[in-house]
Structures are given as C-alpha cells and as structure tokens.
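Scroll down for the structure; my scribbles are underneath it.
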Amino acid sequence: MEQTFIMIKPDGVQRGLVGEIISTFEKKGFYLKGMKLISVERPFAEKHYEDLSSKPFFEGLVEYIISGPVVAMVWEGKNVVTTGRKIIGATNPSASDPGTIRGSFAVEIGRNVIHGSDSVESAKKEIALWFPNGTVNWQSSLHPWIYE
Ligand code: IDP
Ligand code: MG
1 MEQTFIMIKP
11 DGVQRGLVGE
21 IISTFEKKGF
31 YLKGMKLISV
41 ERPFAEKHYE
51 DLSSKPFFEG
61 LVEYIISGPV
71 VAMVWEGKNV
81 VTTGRKIIGA
91 TNPSASDPGT
101 IRGSFAVEIG
111 RNVIHGSDSV
121 ESAKKEIALW
131 FPNGTVNWQS
141 SLHPWIYE
C-alpha cells in the first residue's frame, strides 16, 4: 500500500502538537509504520530540501528545520500522499483551509508546523533518507473496518 513521509517540524514539537497530529492521521484510518524523534544536522536538512536549494528562503528553511527536534514518521494507506497533503493544508497557512493542520495551527509560511511528501516518488526518496534501516511491517486488526 502507498506510504508517505510526514515530519512534525521543530515548532510543532515545541508547541506540543505531536499528539494531536498523530491522532489526526490515526483517526483518519492511516497506519503508522515508522516514527522517531530526532535532531538533524545541517547537511541532512540540506539533503532533505535539496530541490529547494536555489530558493531565497533555503538558508532560513534549513535553520528552521535544525532549530530543534522533529518527529519523523511513515504513514501508510490508500492515497495517503495526496490525502496527507490535504490534511496538512496549503504551504502558506494564510491560504490553508480551516480544519487542516496548517489552517488550524499555523500563521506563517516559515513556521508551518508540518511536512508531507508531495508525490509517491518523493515519498519513496524521503522514507529512504529518513529511515535507512527500514520501517515496521505490521497490520492493524481494524483493517477490514476501514477498507472494504
Ligand atoms: P510544502 O512544505 O507545502 O511541500 P514547499 O514548497 O516544498 O512546501 O516548501 C518547503 C517548506 O519551505 C515549506 O513548508 C515552508 O516551511 C518553506 N517555504 C516555502 N516557501 C517559502 C517562502 O516563500 N518563504 C519562507 N519559507 C518558505
Ligand atoms: Mg514540499
């Protein structure tokens, strides 16, 4: 089944939003397949955001991601990449719909609380980068109550 990489950024951790964010994905019916609290070094953050290295905000973005611990997670489920992005909301919280994570909990684009992979391909890349030793293979006993 499809997987996505979700990261609660340092502001989300500092602000005590970890539980609520995990709960949102759990209650939706997605399965947690990997999770760790980790402080990343600058070169790792630069690698994660390498596609944005030419952007004027790149330096600030890297500073932001290394400013404190983050929660890195792998979530699995049908259409989890696209649906995960909908749950997260638009990049700029000013444009994020109410009820989305960014729409509910964030104000500024540079403090937008959470990351989610933007495609199945980048999810695979990001999961390999953040979880080089793989993730946990398990299946919820609730599966038939969520999927027909
Ligand atoms: P995404 O997180 O919604 O996928 P991206 O365009 O991939 O958005 O940008 C990655 C992150 O870089 C954003 O979540 C945000 O924290 C930051 N960012 C994006 N655009 C800007 C900007 O114009 N100014 C400051 N930070 C930005
Ligand atoms: Mg992105």
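Take the sequence shown: its letters are residues 1 to 148, numbered as in the UniProt record's numbering.
Beta carbons: idealized from backbone N, C-alpha and C, even for Gly.
Remember, predicted model here, so these are calculated numbers, not experimental data.
Contact defined as beta carbons within less than 8 Å: I believe residue i pairs with residue j. What is the distance between those atoms, to the nearest angstrom?
i: V80; j: K33; result: Actually they do not touch by this definition, with Cβ atoms about 10 Å apart.
i: E2; j: E76; result: 7 Å
i: G68; j: P10; result: 4 Å
In angstroms with no decimal places, state the Cα-to-Cα distance between residue i and residue j.
i: V62; j: Y49; result: 8 Å
i: Q139; j: P56; result: 43 Å
i: A106; j: K86; result: 15 Å
i: S53; j: I66; result: 15 Å
i: V70; j: E148; result: 34 Å
i: K78; j: Y64; result: 31 Å
So the alpha helix (DSSP H) residue i belongs to, where does it begin and stop?
i: T24; result: V18 to K28
i: I109; result: Neither: I109 is in no alpha helix (DSSP H) and is coded neither H nor E.
i: Q3; result: Q3 -> not in any alpha helix (DSSP H); beta strand (DSSP E) instead, spanning Q3 to I8.
The beta strand (DSSP E) with residue i in it runs from where to where?
i: L129; result: No beta strand (DSSP E) holds L129; the alpha helix (DSSP H) holding it covers V120 to W130.
i: A90; result: No beta strand (DSSP E) contains A90, which DSSP labels as neither H nor E.
Is it a yes or a no for the stretch 109 to 121 touching the stretch 4 to 12, going by three-plus beta-carbon pairs under 8 Å? Taking a contact to require three or more Cβ pairs closer than 8 Å, the stretch 109 to 121 and the stretch 4 to 12 qualify as touching.
Does the count of Cβ pairs from the stretch 124 to 140 and the stretch 90 to 98 closer than 8 Å reach three? Short answer: they don't touch.
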